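For the sequence shown, our numbering assigns the number 369 to the last residue and increments by one with no breaks. Just so it is clear, CB atoms sit at the ideal spot from N, CA and C, and this is done for glycine as well. No experiment lies behind these values; they were computed from the predicted model shown. Everything on this sheet refers to the single structure shown next.
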Amino acid sequence: MDIRQLKYFLAIAEEGQITSAARKLQMAQPPLSQQLKQLEEELGVVLVERGPRSIQLTEAGMILRERAQQILELTDSTTRELKDFVKGVSGTLSIGTVSSSAATLLQDRLVEFHHNYSGVKFEIHEGNTYRIIDLLNKGIVEIGIVRTPFSSAGLECVYTVSEPMIAVMAPEYDWTGGKPEIEIGELRNQPLIVYRRFEQLIRETCLENGFDPQFFCMNDDARTTLLWANAGLGIGIIPRSAFTLASNSNVAAKKIRSDSLNTRVAAVWMKDKYLSSLAAKFIESFSRA
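Structure below.
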């Protein structure tokens, strides 16, 4: 099994037809069919179920598709980085980020780093914390930018300062009379919109204060929380620095007074794995900011 075979297989999986995959690859159909057959024989598994007009991936085929995508992505990243090195460019830094860290990363870290190392290029992979840590494990990114809480097992971490969570609310939900802060208990019986990563932290904090929170909407992106609150659908709870990530013209932001309802952005990387000098410089810059 080589890179060329993986590219052929991925084209077949994406197109759902050998004919259209061959057209995409600018090759004849019979040689592509033969390559697929050879790959199945080499691996000892059936990768596709062949129909009269299309093919369907078997369970083994779906596993190979996922792995092929990861391998080809990593191969492409390595090729670009080596080409940059040959050209005398400082290199390409691959970073995985969660949406709620974007403001902190851009405002306080990346701009300064780019100023100091203007020749550096970036590959940014976005997703939730679990995906970013998975990308670290697979070597697709060197550095992850995530938010607490998360499991730091197997990771080296550098943290930013702690920041409070805020409640964002449209005028029809604002009972505060313009106050800039609220107590956690004031969220009792309110329809809460929260990023799923913060569910346990918010629930535990509310229970400690004598009530069970009413989650109206759970989602996987802090921007979604802000957009739903801006539409007047409920009260969003987000980190303070995430307030500028999406439209907020219709909401007021109230700091939630709570010692436990805080979060920090962290730069993380794998323990006991090689870290490039470029990644090390970024971490050094991240630590100083």
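Rounded to whole angstroms, how far is the Cβ of residue i from the Cβ of residue j, which I believe are closer than 8 Å?
| i | j | result |
| --- | --- | --- |
| isoleucine 92 | isoleucine 151 | In fact, because the Cβ distance is near 16 Å, the residues do not count as touching under 8 Å. |
| serine 321 | leucine 307 | Between leucine 307 and serine 321 the Cβ distance is about 17 Å, and since that is not below 8 Å, they are no contact. |
| glycine 176 | isoleucine 212 | 4 Å |
| leucine 116 | leucine 105 | Wrong, their Cβ atoms sit about 12 Å apart, outside the cutoff. |
If you draw a straight line from the alpha carbon of residue i to that of residue j, how long is it in whole angstroms?
| i | j | result |
| --- | --- | --- |
| cysteine 237 | lysine 353 | 14 Å |
| alanine 347 | leucine 341 | 20 Å |
| glutamine 140 | isoleucine 273 | For the sequence presented, residue 140 should be read as alanine rather than glutamine. Going by the C-alpha atoms only, they are around 39 Å apart. |
| leucine 119 | lysine 351 | 35 Å |
| serine 365 | leucine 173 | 14 Å |
| alanine 309 | aspartate 254 | 12 Å |
| glycine 124 | asparagine 217 | 27 Å |
| aspartate 156 | leucine 86 | 13 Å |
| aspartate 292 | aspartate 339 | 18 Å |
| leucine 355 | isoleucine 336 | 38 Å |
| phenylalanine 296 | proline 271 | 5 Å |
| serine 100 | aspartate 300 | 35 Å |
| isoleucine 282 | threonine 305 | 14 Å |
| glutamate 203 | threonine 158 | 11 Å |
| glutamate 252 | leucine 325 | 22 Å |
| proline 294 | tyrosine 239 | The question names proline, but residue 294 is glutamine in the sequence shown. About 31 Å. |
| asparagine 269 | phenylalanine 323 | 23 Å |
| glutamate 122 | leucine 358 | 39 Å |
| leucine 185 | valine 191 | 8 Å |
| leucine 215 | tryptophan 349 | 10 Å |
| isoleucine 83 | arginine 147 | 12 Å |
| leucine 144 | histidine 205 | 21 Å |
| methionine 107 | isoleucine 98 | 11 Å |
| methionine 81 | arginine 303 | 42 Å |
| glycine 96 | glutamine 280 | 41 Å |
| valine 126 | serine 329 | 55 Å |
| glycine 168 | glycine 131 | Confidence in glycine 168 is poor, its pLDDT being 48 and thus under 50, which makes the residue's placement unreliable; the coordinate value appears in the next sentence. Glycine 168 and glycine 131: Cα-Cα distance of roughly 50 Å. |
| asparagine 289 | leucine 267 | 10 Å |
| arginine 103 | serine 367 | 50 Å |
Is residue i a contact residue of the ligand NAD, with contact defined as CB to any heavy atom under 7 Å?
| i | result |
| --- | --- |
| asparagine 196 | Looking for the ligand NAD in the displayed structure turns up nothing, as the structure carries no ligands at all. |
Identify the continuous alpha helix (DSSP H) that holds residue i and give its terminal residues.
| i | result |
| --- | --- |
| arginine 84 | 83 to 95 |
| asparagine 217 | 209 to 217 |
| glutamine 115 | 109 to 123 |
| alanine 306 | One detail in the question is off: residue 306 reads as leucine in this sequence, not alanine. Looking at the DSSP string, the run of the alpha helix (DSSP H) that includes leucine 306 is 302 to 310. |
| arginine 368 | 357 to 368 |
| arginine 103 | 98 to 105 |
| threonine 256 | Looking at the DSSP string, threonine 256 is not in any alpha helix (DSSP H), and its letter there is neither H nor E. |
| glutamate 192 | 191 to 196 |
Check the DSSP bridge columns for residue i and list the partner residues they point to.
| i | result |
| --- | --- |
| leucine 173 | Phe202 |
| valine 238 | Ala347 |
| alanine 333 | Val248 |
| glycine 316 | Val248 and Ile273 |
| glutamate 261 | Lys335 |
| asparagine 342 | Pro244 |
| isoleucine 224 | The question names isoleucine, but residue 224 in the sequence shown is glycine. Glycine 224 pairs with Gly176 and Val348. |
| arginine 130 | Ile135 |
Would residue i pass as a contact of residue j if the rule is Cβ separation under 8 Å?
| i | j | result |
| --- | --- | --- |
| glycine 171 | valine 200 | yes |
| proline 319 | arginine 227 | yes |
| isoleucine 223 | phenylalanine 362 | yes |
| serine 180 | tyrosine 275 | yes |
| isoleucine 220 | leucine 162 | no |
| asparagine 225 | valine 178 | With the sequence shown as reference, residue 225 is identified as isoleucine, and asparagine is not the correct amino acid for it. Yes, they are a contact pair. |
| phenylalanine 278 | isoleucine 315 | no |
| serine 242 | arginine 344 | yes |
| glycine 38 | alanine 360 | Only positions 81 to 369 of the chain appear in this structure, which leaves residue 38 out of reach. |
| threonine 209 | phenylalanine 193 | no |
| threonine 285 | isoleucine 262 | no |
| lysine 334 | proline 260 | yes |
| valine 248 | valine 128 | no |
Assuming residue i is part of the beta strand (DSSP E), what are its boundary residues?
| i | result |
| --- | --- |
| alanine 247 | 243 to 249 |
| phenylalanine 295 | 294 to 299 |
| leucine 272 | 271 to 275 |
| leucine 137 | 135 to 137 |
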